[in-house]
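Asker: I have a structure here, written as structure tokens, and I will follow up with some questions on it.
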Amino acid sequence: MVDRERITHKCQLFDSSVITTKVNKPQLTKEDLQYTEERSIQLSSVPEHHDKPRVLLGYEYLWEVVKGGKLRLPSGLHLINTKFGYMVSGKKKPSSAEEENANVLQTEASKGEQDIWDNYWKTESSGTNEYIGTEKNEKIMTDEEVMKEFKETTVKRPDGHHVRLPWKKPRDHLPDNKRMAVARLKALLRQYEDRREFLQEFERIFKEQLQQGVIEEVTEDMERKGNNRIIHYHGYQAVVTPEKKTTP
-10 MVDRERITHK
0 CQLFDSSVIT
10 TKVNKPQLTK
20 EDLQYTEERS
30 IQLSSVPEHH
40 DKPRVLLGYE
50 YLWEVVKGGK
60 LRLPSGLHLI
70 NTKFGYMVSG
80 KKKPSSAEEE
90 NANVLQTEAS
100 KGEQDIWDNY
110 WKTESSGTNE
120 YIGTEKNEKI
130 MTDEEVMKEF
140 KETTVKRPDG
150 HHVRLPWKKP
160 RDHLPDNKRM
170 AVARLKALLR
180 QYEDRREFLQ
190 EFERIFKEQL
200 QQGVIEEVTE
210 DMERKGNNRI
220 IHYHGYQAVV
230 TPEKKTTP
């Protein structure tokens, strides 16, 4: 990253197709803009009502870019001096006609973005149930099943109520997990479609695990139905660490 003095700052970053959805930023008032213009204050970025972060820096880099010192705007917002310009922070003072409310970070997602997030949580789910809904809905369904089991198995006796522990039900077999595995593979392809060397490394690992017997190819003569089925598709999640020889 290059700051306003044309000095380069090197950071170790991790690539991700999704950081967060668009966030609502506090807007500068006319008095705030006049304040910055009169003092020739350069902001790090032009504040937009809806903005989507492109880079998320950790605290280990914070004090390398913060120069120190802050200014208070007429609206109550603060300007933090950084090597990339002044950063808007804080919350506005409530006007006399407004109720005093605490400012919170609010995210909004369009339908397309919401689908991306839903799909992300689907591929991250690692439960034994072949469920592809959102994580929130899956938790609600699980809570309902636990409560139902609790009510049906609780017994009132002279010495008190006897309650069973909410053990998970035993399973005769695992689901084949194919839909989740395919969704996760497609997500990897989309994420690294511009980085061919990583895709080649994925293919090499697949072939290596196939030769070692870690995985095997599904054939037509394998049992696919009933309690004797042995097909279970393994979902892959890449952990890219370029500085290590074990990547991905």
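Note that the sequence shown covers residues -10 to 237 in our numbering. Using N, Cα and C, we set each Cβ at its ideal position, and we do this for glycine too. For clarity, every value in this text was computed on a predicted model and none was experimentally measured.
Any idea what DSSP makes of R184, helix, strand or coil?
Answerer: Coil, per DSSP.
Asker: Taking DSSP as the reference, what is the three-state secondary structure of R146?
Answerer: Strand.
Asker: Taking the continuous alpha helix (DSSP H) assigned at Y24, which residues delimit it?
Answerer: Element bounds for Y24: 19 to 27.
Asker: What's the gap between the Cα of V207 and the Cα of E53?
Answerer: Approximately 53 Å, taken between the alpha carbons.
Asker: I'd like to know if the segment 18 to 26 and the segment 54 to 65 are in contact, where contact means that at least 3 CB-CB pairs between them fall below 8 Å.
Answerer: As far as the Cβ criterion goes, the segment 18 to 26 touches the segment 54 to 65, which means the pair count is three or higher.
Asker: Which residue's Cα is closest to the Cα of D165: E186, N70, G224, T143?
Answerer: Among E186, N70, G224, T143, the Cα nearest to that of D165 is on G224.
Asker: Spatial neighbours of V171 within its chain, please: CB distance less than 8 Å, with the 5 preceding and 5 following residues excluded, ordered by chain position.
Answerer: If we look at V171 and ignore the five residues flanking it on each side, its Cβ neighbours are Y222.
Asker: Given T131, which residues of its chain have a CB within under 6 Å of its CB, disregarding the five upstream and five downstream residues?
Answerer: Answer for T131: no residue qualifies.
Asker: For M(-10), I'd like the list of residues in its chain whose CB is within less than 6 Å of its CB, leaving aside the five on either flank, ordered along the chain.
Answerer: Contacts found: H(-2).
Asker: Roughly how many whole angstroms lie between the Cα atoms of Q31 and V44?
Answerer: Taking the straight line joining both Cα atoms gives about 20 Å.
Asker: Just the Cα atoms here: how many angstroms apart are M76 and L17?
Answerer: Their backbone Cα atoms lie some 12 Å apart in a straight line.
Asker: Among all the DSSP beta bridges, which residues are the ones paired with I69?
Answerer: Paired residues: K59, M76.
Asker: Identify the continuous alpha helix (DSSP H) that holds E270 and give its terminal residues.
Answerer: Lying before the first or after the last residue shown, residue 270 is absent from the chain, which here runs from -10 to 237.
Asker: Only counting the same chain, and skipping five residues up and downstream in sequence, which positions put a Cβ closer than 7 Å to that of E138?
Answerer: Contacts found: P155.
Asker: Under three-state DSSP, which class holds V44?
Answerer: It is coil, neither helix nor strand.
Asker: Buried or exposed: which applies to F3, given that a residue is buried once 16 or more other Cβ atoms fall within 10 Å of its Cβ?
Answerer: By the neighbour-count rule (16 or more Cβ atoms within 10 Å), F3 is not buried but exposed.
Asker: Please classify F187: is it buried, with 16 or more other beta-carbons within 10 angstroms of its beta-carbon, or exposed?
Answerer: With 16 or more Cβ atoms within 10 Å of its Cβ, F187 is classed as buried.
Asker: Using 8 Å for Cβ pairs, my map puts G74 next to S29. What's the rounded Cβ distance?
Answerer: No, G74 and S29 are not in contact; Cβ-Cβ is about 12 Å, not under 8 Å.
Asker: Between K72 and V55, is the Cβ-Cβ spacing less than 9 Å?
Answerer: In this structure, V55 lies closer than 9 Å to K72 by Cβ.
Asker: Please report the straight-line C-alpha distance between Q180 and Q189, rounded to a whole angstrom.
Answerer: Taking the straight line joining both Cα atoms gives about 14 Å.
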